[in-house]
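Reviewing the structure listed below.
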Amino acid sequence: MSEHHVHIDANPKRVDLQLRDVWRYRDFVWSYTRTHFAKKYKQTILGPLWLLVNPMINALMNLFVFGMIAGIGTSGIPKLLFYIAGQGIWAFFASIVGACAFTFAANAHLYGKVWFPRLCIPVSYIMTSAAEFLIQMVPFLLCAVYYALTGTYVIRWSGLLLMLLLLPWLGALGLGVGILVSSMTTKYRDLGLLVGLVIRFWMYATPVVYPLSEVRYSFLQKWIRLNPVTAVVELFRHFLFGVGEVSPGMIGYSLVLTVLILAAGIFSFNRIERSFMDTV
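Structural data, given as structure tokens:
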């Protein structure tokens, strides 16, 4: 039998990742992840199959609007593959931000009854989004196999493994943004109404439905490069398709900004968690 000691400190560290506590409660994280995943698709007609249907519907809509009407190029990539891949990686990021943004408000009933590392729930959101991303990549793989068998286009199959390296990076960025927003929506509920709008605007400021090379205005391209998600999306395409305007400077900038946003989010999270039950 091992002994566990809980040390309650009146002045906890401002920036504490709580990784040791989260790892100790890993069974709770896994259990909550399964519960959250099942709850999302409970009492639905298709259930988790929506994860396969939604990417195809969104890809077809983007193909019609941006590919056919707007005539935006895809750097030589088949348009259906281009849109499915971009929609998949963005959905992973957006789902983390959207879920983490309401961590305190959505789980106040649980936080108020039992103690556990509060960061466990945002971590479980990342795991849920990662599972959904892997399922959403099934239509992409089917399309990639079809194009390969017909000799139309062949992706970089080795890039599928390298692609997985981007998930922790993008997950950390989404976690930082999400818990930073959650610290504000706890007190100011009306800010939660803007989350969906900001995420949608952010998507169009990210080369998701268009490649960065298709942005013709230099000043606009510079602003898009300042978006920390841009480097991840372009690197994602580089791994899978061998195209993408990404440089070591963009990667370094995005990584540094990710660390800063994550630190700021955890700082606010640790400060709010001590008194959020008084305001929720």
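Residue numbers (this note's numbering): 1 to 280.
Heads up, the beta-carbon is just placed ideally off N, CA and C, and yes, glycines get one too.
Burial state of T35 (16 or more Cβ within 10 Å) = As a working note, residue 35 is residue 35 in the sequence shown. By the neighbour-count rule (16 or more Cβ atoms within 10 Å), T35 is not buried but exposed.
Taking Cβ to Cβ, would you say A101 is nearer than 8 angstroms to T186?
-> Translated into the one-based positions of the sequence shown, residue 101 becomes position 101. Translated into the one-based positions of the sequence shown, residue 186 becomes position 186. No; because the gap between Cβ atoms is not below 8 angstroms, this pair is not in contact.
Going by other Cβ atoms of all chains shown within 10 Å of its Cβ, with 16 needed for buried, is G314 buried or exposed?
-> The question about residue 314 has no answer, for the chain in this structure spans 1 to 280.
Assign W90 to one of two classes, buried (16 or more other C-beta atoms within 10 Å of its C-beta) or exposed (fewer than that).
-> Residue numbering aside, residue 90 sits at position 90 when the sequence shown is read from its first letter. That one is buried.
For the alpha helix (DSSP H) that contains P78, what are its first and last residues?
-> Translated into the one-based positions of the sequence shown, residue 78 becomes position 78. In the DSSP annotation of this structure, P78 is not part of any alpha helix (DSSP H), being labelled neither H nor E.
Looking at the unbroken alpha helix (DSSP H) that takes in S129, where does it start and where does it end?
-> Locating residue 129 in the sequence shown gives position 129, where the first residue counts as 1. Taken as a continuous stretch (DSSP letters only), the alpha helix (DSSP H) holding S129 covers C120 to L149.
Mind the definition here: the stretch 203-216 touches the stretch 238-247 only if three or more C-beta pairs lie below 8 angstroms; say whether that holds.
-> Contact between the stretch 203-216 and the stretch 238-247 is present, because at least three Cβ pairs lie under 8 angstroms.
Please determine if the stretch 122-131 and the stretch 97-113 are in contact, where contact requires at least 3 C-beta pairs separated by less than 8 angstroms.
-> Taking 8 angstroms as the limit for Cβ pairs, the verdict is that the stretch 97-113 does touch the stretch 122-131.
Roughly how many angstroms lie between the CA atoms of Y146 and P48, to the nearest whole one?
-> Walking along the sequence shown from the start, residue 146 turns up at place 146. Walking along the sequence shown from the start, residue 48 turns up at place 48. Cα to Cα, Y146 sits roughly 24 angstroms from P48.
Check W223 in the structure and name its three-state DSSP category.
-> Looking up residue 223 in the sequence shown gives position 223. For W223, the three-state secondary structure derived from DSSP is helix.
Secondary structure of N107, DSSP reduced to three states | As a first step, residue 107 must be located in the sequence shown, where it is residue number 107. Reduced to three states, the DSSP call for N107 is coil.
Looking at C-alpha atoms only, which residue of L226, I272 and F241 is the closest neighbour of I251?
-> As a working note, residue 251 is residue 251 in the sequence shown. Selected option, being the one with the closest Cα: L226.
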